[in-house]
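Protein chains in written order, with my numbering: chain A, 1 to 233; chain R, 1001 to 1288.
To start, the structure itself, in structure tokens.
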């Protein structure tokens, strides 16, 4: 089975891109399933189900979504095998841009949209920087020049990725993406023992453990003071 | 994935060659040839070979969803009988180096449509600088002034380098997009998709793009604009059903339509200036 990790900021068009791409894969005779990872709530699983795509969802709740992803990817993979799909997508939103779900030797796709501003490719961090393919969405509503500027910023953030514009509404570019994934995503027997491309945060603090009170006395663990200068603090 | 990594520099180089990002400053794509495929029902397309040369204008007509986008995607993708339509694309008469393929998508064909807006928070001058920077080109003050002058040749409301992009009117935005695409974008092919007549001289826009050595494709159902192209590709059911050459009678008709367009533009300018329109009631360009 080919596993494909798709990550990107919230509302950048990940679900629309995957839906259109799965339709194109289906036309090529390749079935695909999707496991949607989110934090609090999602209805995207219903969108996949309506399109006749085998789907599961996982809500991380109080846990960091990327950690939740990493600790459930083996089971996710097993579910894909059990469904008998030759391609399995995972979809997850990078929320703080600190982490990335991408795994060594597993096809990694980042999705980012033209409306997010030209500094966003730099800010998004490892989920874009370590991706094999960067999909740029919402190109139909911005100028040619801004598309070119945005794509060059993506290129600066990730020198080796393939960059593909895809329109999640019209599906333009989805055929090309589907074929790229079909031809270039490596086959996996499993993900047990595989490595994440980028490490998760190395320590936790009291707020990770559910602390709600503000103040030094309530803070334990990994605390980094912000260095504020120029005022009488 | 090691393989793709190894290929990357070649891909970029191949694309640069394809797009003419060379010192010559001329587009390396001097001609494109599209060889026919099939429509959605599997019927062969209605042409044998379709050639486009730099500086040429071609019109594409067909209902929404008829396959205009796929046609452009086939060009961008440098299709080699390996897309749903089965079309093939030759560059300068030869099968192109497909190493540049993925890098070319989104860059071979520049697109301009009515729905596109500037979203960047920058002045016109800063915007041109950023656009140049993205291509490794230094935009001199002179170059920026040329682009603004070209834009102002297309719109009745002049814009300046100091204006913010978000302050520009629809006409000004469209004019700047066209001038910028003509003079600062490396894409050898430009698609103009249903640009409305308001606030911009579309015929002049087409001339600016032609003058920049681009292959200009116009998707429009506006009769005056459609007749500015010597050929019209008729897209039906996912395929090009017919290639229609502009007839002698259509050339005459086009001239008359331009006269009517001119009247419209003059009326629009008069209204913008706050003038009355009484003087136009006996205008010779009005139909009897």
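Note that the Cβ used here is the ideal one computed from N, Cα and C, for glycine as well.
Note that the structure is predicted; figures quoted are calculated from it, not measured.
Nearest by alpha-carbon distance to residue 1175/R: which of 1245/R, 1035/R and 1124/R is it?
Cα-wise, what sits closest to residue 1175/R is 1124/R.
If you drop the 5 nearest sequence neighbours on each side, which residues of the same chain put their C-beta closer than 6 Å to that of residue 125/A?
Taken in chain order, the residues that qualify are 97.
Report, in whole angstroms, the separation of the C-beta atoms of residue 1245/R and residue 1230/R, which I expect to be a contact under 8 Å.
About 7 Å; that satisfies the 8 Å criterion.
So, under 8 Å CB-CB, residue 1053/R and residue 1031/R are touching, yes? Tell me the CB distance rounded to an integer number of Å.
About 5 Å; that satisfies the 8 Å criterion.
Could you name the residues of the stretch 1173–1195 of chain R whose beta carbon sits closer than 9 Å to any beta carbon of chain A, in the order they occur along the chain?
Cβ contacts with chain A come from 1173, 1176, 1177, 1180, 1181, 1184, 1185, 1186, 1187 and 1190.
Where does residue 114/A land, buried or exposed, given buried means 16+ other C-beta within 10 angstroms?
Buried is the call here.
Can you list, in chain order, the residues of its chain with a C-beta nearer than 6 Å to that of residue 108/A? Leave out the 5 residues immediately preceding and following it.
Result list for residue 108/A: 5, 102, 131 and 132, in chain order.
Could you tell me which of 35/A, 148/A, 20/A and 127/A sits nearest to residue 60/A, measuring between CA atoms?
Out of 35/A, 148/A, 20/A and 127/A, 35/A has the C-alpha closest to the C-alpha of residue 60/A.
Note the first and the last residue of the continuous beta strand (DSSP E) segment covering residue 112/A.
107–113 is the extent of the beta strand (DSSP E) around residue 112/A.
Classify residue 1070/R as helix, strand or coil using the three-state DSSP reduction.
Three-state DSSP puts residue 1070/R in a helix.
Are the C-beta of residue 1115/R and some C-beta of chain A separated by less than 7 Å?
Yes, residue 1115/R lies at the interface with chain A (some Cβ there is under 7 Å from its Cβ).
What span of residues does the alpha helix (DSSP H) with residue 123/A cover, start to end?
Where residue 123/A is concerned, the enclosing alpha helix (DSSP H) stretches over 120–123.
Taking only beta carbons into account, state which residues of the stretch 1065–1086 of chain R come closer than 9 Å to chain A, listed in chain order.
Under the 9 Å Cβ criterion, the stretch 1065–1086 of chain R contributes 1069, 1070, 1072, 1073, 1076, 1077, 1082, 1083 and 1084.
Hey, quick one: how far does the beta strand (DSSP E) through residue 133/A stretch, first residue to last?
Run containing residue 133/A: 133–137, per the beta strand (DSSP E) assignment.
Could you tell me the alpha carbon to alpha carbon distance between residue 1208/R and residue 91/A, rounded to whole angstroms?
Residue 1208/R and residue 91/A: Cα-Cα distance of roughly 44 Å.
Specify, as a first and last residue, the run of the beta strand (DSSP E) that residue 1231/R falls within.
1231–1236 is the span of the beta strand (DSSP E), which, as asked, contains residue 1231/R.
Do you know offhand how far residue 1151/R's Cα is from residue 1059/R's?
C-alpha separation (whole angstroms): 23 Å.
Output, in sequence order along the chain, the residues in the stretch 107–124 of chain A whose CB is closer than 7 Å to any CB in chain R.
Residues passing the 7 Å Cβ filter: 115 and 118.
Taking a cut of 8 Å between CB atoms, which residues from the stretch 135–162 of chain A lie near chain B?
Judged by its chain identifiers, the structure shown contains no chain B, and its protein chains are A and R.
On the DSSP bridge list, what partners appear for residue 1201/R?
Residue 1201/R pairs with nothing; no bridge assigned.
Thinking C-alpha only, which one of 171/A, 117/A, 186/A and 172/A is nearest residue 153/A?
Of the candidates 171/A, 117/A, 186/A and 172/A, the one whose C-alpha sits nearest the C-alpha of residue 153/A is 117/A.
From residue 25/A to residue 183/A, what does the alpha carbon distance come to, in whole angstroms?
The alpha-carbon atoms of residue 25/A and residue 183/A are separated by roughly 11 Å.
At a cut of 8 Å, does the stretch 27–44 of chain A reach the stretch 156–172 of chain A through at least three beta carbon pairs?
In short, these stretches do not touch, since the Cβ pair count stays below three.
Can you tell me the Cα-Cα spacing of residue 1028/R and residue 1179/R, whole angstroms?
If I take the Cα positions, the gap works out to 20 Å.
Is there at least one Cβ from chain A nearer than 7 Å to residue 1216/R's Cβ?
Not an interface residue.
Cβ closer than 8 Å: which chain R residues qualify as neighbours of residue 82/A?
Simply none; closest approach about 26 Å.
In the DSSP assignment, find the unbroken alpha helix (DSSP H) run with residue 20/A in it and report its ends.
Taken as a continuous stretch (DSSP letters only), the alpha helix (DSSP H) holding residue 20/A covers 14–27.
Whole angstroms is fine: what's the gap from residue 1193/R's alpha carbon to residue 33/A's?
If I take the Cα positions, the gap works out to 36 Å.
I'd like to know whether the C-beta atoms of residue 136/A and residue 89/A end up nearer to each other than 7 Å.
It is not a contact, given that the beta carbons lie outside the stated cut-off.
Give the DSSP-derived three-state secondary structure of residue 1274/R in the structure shown.
Three-state result, residue 1274/R: coil.
Could you give the C-beta distance for residue 171/A and residue 14/A, rounded to a whole number, given that I count them as a contact under 8 Å?
In fact, because the Cβ distance is near 15 Å, the residues do not count as touching under 8 Å.
Check the Cβ of residue 1134/R against every Cβ in chain A and list those closer than 7 Å, keeping chain order.
What residue 1134/R touches in chain A: 148, 149 and 152.
Determine the extent of the beta strand (DSSP E) in which residue 1220/R is found, giving its start and end residues.
Note, residue 1220/R: premise wrong, no beta strand (DSSP E); not H, not E.
Just verifying my parser: in three-state terms, what is the DSSP assignment at residue 223/A?
Note: residue 223/A maps to coil in three-state DSSP.
Determine whether the Cβ of residue 1120/R lies closer than 7 Å to any Cβ atom of chain A.
Taking Cβ atoms only, chain A reaches closer than 7 Å to residue 1120/R, which makes this a yes.
Against chain R, with Cβ distances strictly below 7 Å, would residue 176/A count as a contact?
Yes, its Cβ sits closer than 7 Å to a Cβ of chain R.
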